[in-house]
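Number of protein chains: 2
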Amino acid sequence: MLAKLTALFWHQGYGQTSMTDIVEASGVHKPSLYRTFGTKEQLFTKVLRRYLAERMTMFAQMIEQAGPGNDGVHRFLELFEADAVAEHGRDGCLMVMASNELRGTLPGYDFATDYRRQMRDQLSVLIARTVPEGQGESDIAQARTELFTTYLLGLHVVMRSGAEAQDISRSINALHVTVDGW
Amino acid sequence: MLAKLTALFWHQGYGQTSMTDIVEASGVHKPSLYRTFGTKEQLFTKVLRRYLAERMTMFAQMIEQAGPGNDGVHRFLELFEADAVAEHGRDGCLMVMASNELRGTLPGYDFATDYRRQMRDQLSVLIARTVPEGQGESDIAQARTELFTTYLLGLHVVMRSGAEAQDISRSINALHVTVDGW
Numbered sequence: 000m001l002a003k004l005t006a007l008f009w010h011q012g013y014g015q016t017s018m019t020d021i022v023e024a025s026g027v028h029k030p031s032l033y034r035t036f037g038t039k040e041q042l043f044t045k046v047l048r049r050y051l052a053e054r055m056t057m058f059a060q061m062i063e064q065a066g067p068g069n070d071g072v073h074r075f076l077e078l079f080e081a082d083a084v085a086e087h088g089r090d091g092c093l094m095v096m097a098s099n100e101l102r103g104t105l106p107g108y109d110f111a112t113d114y115r116r117q118m119r120d121q122l123s124v125l126i127a128r129t130v131p132e133g134q135g136e137s138d139i140a141q142a143r144t145e146l147f148t149t150y151l152l153g154l155h156v157v158m159r160s161g162a163e164a165q166d167i168s169r170s171i172n173a174l175h176v177t178v179d180g181w
Numbered sequence: 000m001l002a003k004l005t006a007l008f009w010h011q012g013y014g015q016t017s018m019t020d021i022v023e024a025s026g027v028h029k030p031s032l033y034r035t036f037g038t039k040e041q042l043f044t045k046v047l048r049r050y051l052a053e054r055m056t057m058f059a060q061m062i063e064q065a066g067p068g069n070d071g072v073h074r075f076l077e078l079f080e081a082d083a084v085a086e087h088g089r090d091g092c093l094m095v096m097a098s099n100e101l102r103g104t105l106p107g108y109d110f111a112t113d114y115r116r117q118m119r120d121q122l123s124v125l126i127a128r129t130v131p132e133g134q135g136e137s138d139i140a141q142a143r144t145e146l147f148t149t150y151l152l153g154l155h156v157v158m159r160s161g162a163e164a165q166d167i168s169r170s171i172n173a174l175h176v177t178v179d180g181w
């Protein structure tokens, strides 16, 4: 059921999703919803935490699959692009959407910070393979990780804006060219 | 009056801003608002067009001030950062916010595409100064322009998410390091 509610919020945004929409999508009556999930805010916190865990698993798999060196980064970008131009990719990222709408926080959950930290941790694994062994924490590796973390936020804005596949491709190509210079 | 309404939408988002809020902020009665601006959608189209024009003037001035070469790009980033960490900078960019909420379009105005195209045009002036004369349209110059265009979208997401000044600074530093590699 949380999967259905995730899709609902992701598509419509937080503010535009009413408790009535939630009742309809879940098929669960309001008193029972409140008992299980609490308020709309508390429900959305659960949705975001679940989404983030799934998203990080997806990124970890892509990074695992991508392999070593700068070639691995190119391969990661190809995997990312395949997902980005698929139909569901056009929704962008739920965390980015929510971050813009709610300014990054819900009571008790600073989700934008959490998201960026976890993305950074994932991407640092990919980036560590582009520098000599033992330099995964060097200034250059950290700057590359940060570059990718913030750039992917921008890409998700492009993806959600109704951009054509070729626009998304052009944005991703800019990263390929950057990696060629490493 | 459009300035007041811009601030209102920018802070609250489009969906969360009701006609009642608009009447209150503008001090103009509903019938008169409809006569002058049309529907809420049409009013928001005017707000976005006006904002975009002002924003592009601001970027043009920063780029003018930044000066030539890679040093000019570093200087541009310093100017951008000073604006980003100021109080109003924390709202991020109205176009990015609206793009996430409305998926980039209003009836008759594909504003996310318009915004990206105008940003790209501005930034291409800055980037052309980093390549040999006559190569401002080269693949490398275009990729650098695209990198900056998408990266700034990501930075605006960070800015609106309640990030600390040092987080914003770290994201901008990743671009400084990239430019050092040009």
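Protein chains in written order, with numbering that gives the first Met the number 0: chain A, 0 to 181; chain B, 0 to 181. Quick reminder that beta carbons are idealized off the backbone N, C-alpha and C, glycines included. Keep in mind that this is a model prediction, so the values were computed, not measured.
- For the options G37(B), L154(B), T56(B), V46(B), the alpha carbon positioned closest to that of S168(B) is the one of L154(B).
- Looking from the CA of F75(A), the closest CA among E86(A), A85(A), V84(A), E63(A) belongs to E63(A).
- The region 89-174 of chain B contains, as complete alpha helix (DSSP H) runs of 4+ residues, the segments 93-101, 110-127, 138-159 (chain order).
- Close partners of I21(B) in chain A (Cβ separation under 7 Å) are lacking, with about 16 Å as the shortest Cβ gap.
- Leaving aside the five residues that flank R128(B) on each side, the residues in its chain whose CB is nearer than 7 Å to its CB run, in chain order, P67, G68, G71.
- Sequence-distant partners of Y108(A) (beyond 5 residues in either direction) whose C-beta falls short of 6 Å from its own C-beta, in its chain, are T44.
- Judged by DSSP secondary structure, A24(B) falls within the alpha helix (DSSP H) whose first and last residues are 18-25.
- From the beta-carbon of R169(A), the residues of chain B found nearer than 8 Å are E145.
- In this structure G161(A) is not in contact with M96(A), their Cβ atoms being roughly 14 Å apart against a cut-off of 8 Å.
- With 16 or more neighbouring CB atoms inside 10 Å of its own CB, M61(A) falls in the buried class.
- Contacts with chain A at 9 Å (Cβ-Cβ) do not include T44(B).
- Take T5(A), set aside five residues on each side of it, and the residues of its chain with a beta-carbon closer than 8 Å to its own are V46, R49, Y50, L93, in chain order.
- Contact annotation for I126(B) against chain A: no contact, minimum CB-CB distance about 11 Å [criterion: below 7 Å].
- The count of Cβ pairs closer than 8 Å, one atom from the region 138-149 of chain A and one from the region 77-91 of chain A, stays below three, leaving the stretches out of contact.
- Separation of P106(B) and P131(A) (C-alpha to C-alpha, rounded to the nearest whole angstrom) is 52 Å.
- Under the three-state reduction of DSSP output, M57(A) falls in the helix class.
- For D179(A) and V156(B), the gap between their C-alpha atoms comes out near 26 Å.
- Residue-level contact check: W181(A) touches chain B, since one or more beta carbons of chain B fall below 9 Å from its beta carbon.
- Taking 8 Å as the Cβ-Cβ cut-off, the region 8-20 of chain B approaches chain A at G12, G14, Q15, given in chain order.
- Around the beta carbon of A2(A), a 10 Å sphere encloses fewer than 16 other beta carbons of the protein chains shown; the residue is thus reported as exposed.
- Here Q121(B) is buried. Its C-beta has 16 or more other C-beta atoms within 10 Å.
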